[in-house]
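Mapping of the sequence shown onto my numbering: residues 397 to 553, in sequence order.
Using N, Cα and C, we set each Cβ at its ideal position, and we do this for glycine too.
On a predicted model such as this, the values are computed, not experimentally measured, just so you know.
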Amino acid sequence: MTQDVTYRPLGAPDLDAAAALHADAFATLGERGWTSREMAELLAAPGVAGCLASGLDGTAAGFALLRTAADEAELLTIAVRPTCRRQGIARRLLKVVIALARDRGARSLFLEVGADNPGARALYDQIGFRTVGRRAAYYIRSGGPPADAVVMRLALD
Ligand SMILES: CC(C)(COP(=O)(O)OP(=O)(O)OC[C@H]1O[C@@H](n2cnc3c(N)ncnc32)[C@H](O)[C@@H]1OP(=O)(O)O)[C@@H](O)C(=O)NCCC(=O)NCCS
């Protein structure tokens with residue numbers, strides 16, 4: 397499928413599909429997905445932009461949301477449909493948002509990831525993010541104890 401995936405800016409008409417995908421992607425972590433209304437509010441906020449990965453049939457395969465402010469950027473979320481994983485879609489989405497952050501003048505890209513999320517942490521390690529902090533009991537998990545957030549930074553200059 398990788399060759400058949402296209403990447404384009406995420407817009408208002410994509411929000412219902414993105415919200416459904418987000419809920420699906422985060423369910424396995426015991427985390428609530430964001431509603432399309434929550435995403436619409438985020439996308440309307442200053443400095444926020446998204447990238448959508450979709451198959452040739454137009455089905456949403458994954459997306460990422462980025463916020464830039466002055467010389468710092470933050471990865472707000474990234475999610476790939478469970479049936480589309482391990483095909484390099486998240487890696488490519490990250491490359492797109494990293495290029496966008498650089499274009500907007502950011503010198504650092506930050507993110508928070510659950511300490512109990514080894515797949516995402518392996519992805520970020522591979523891209524070159526480094527751990528710069530930890531927030532205790534940051535994520536509420538349904539059916540389990542809260543998880544720490546690991547704060548990571550990628551230098552963009
Ligand atoms: C994390 C997530 C976005 C990865 O998406 P993906 O498209 O499957 O990732 P990629 O195929 O681009 O993976 C790139 C590399 O990351 C690492 N990686 C990704 N998922 C992994 C997993 N489950 N286990 C171990 N390593 C993993 C691997 O090094 C992989 O390279 P490889 O396949 O050549 O070994 C996806 O699993 C997801 O949506 N998870 C739920 C939501 C989530 O955790 N988001 C991040 C919150 S901070």
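Check: Hey, how far is the Cα of Ala532 from the Cα of Met435?; Outcome: 26 Å
Check: Tell me the rounded alpha-carbon separation between Ala416 and Val546.; Outcome: 26 Å
Check: For the region 436-514, list the alpha helix (DSSP H) runs that are entirely contained and at least 4 residues long, ordered along the chain.; Outcome: 485-499
Check: What would DSSP say about Pro409, mapped onto helix, strand or coil?; Outcome: helix
Check: By Cβ distance below 7 Å, which residues in the same chain neighbour Asp553 in space, the five residues on each side in sequence not counted?; Outcome: Arg503
Check: Return the Cβ separation of Phe459 and Leu406 in integer angstroms, given the expectation that the two are a contact with Cβ distance under 8 Å.; Outcome: 5 Å
Check: Using the Cβ count rule (16 or more neighbours within 10 Å means buried), how would you classify Asp467?; Outcome: exposed
Check: Tell me whether Arg517 sits in a helix, a strand or coil according to DSSP, three-state version.; Outcome: helix
Check: Taking the straight line between their C-alpha atoms, what separation do you get for Ala511 and Thr455?; Outcome: 30 Å
Check: Hey, Leu489 and Ala543: beta-carbon distance below 8 Å or not?; Outcome: no
Check: Below 7 Å, is the gap between the Cβ of Arg428 and the nearest heavy atom of ligand 1?; Outcome: no
Check: Buried or exposed, going by whether 16 or more other CB atoms sit within 10 Å of the CB of Gly484?; Outcome: exposed
Check: From which residue to which residue does the beta strand (DSSP E) around Gly540 run?; Outcome: It is not in any beta strand (DSSP E) - Gly540 carries neither H nor E in the DSSP assignment.
Check: Please report the residue range of the beta strand (DSSP E) in which Ala424 lies.; Outcome: The question names Ala, but residue 424 in the sequence shown is Thr. Careful: Thr424 lies outside any beta strand (DSSP E) and carries neither H nor E.
Check: Measuring alpha carbon to alpha carbon, tell me which of Gly443, Pro478, Leu550 and Ala518 ends up nearest Val528.; Outcome: Leu550
Check: Using a Cβ-Cβ cut-off of 6 Å (strictly less than) and excluding sequence neighbours within five positions of Leu461, which residues of its own chain qualify?; Outcome: Gly446, Leu472 and Thr473
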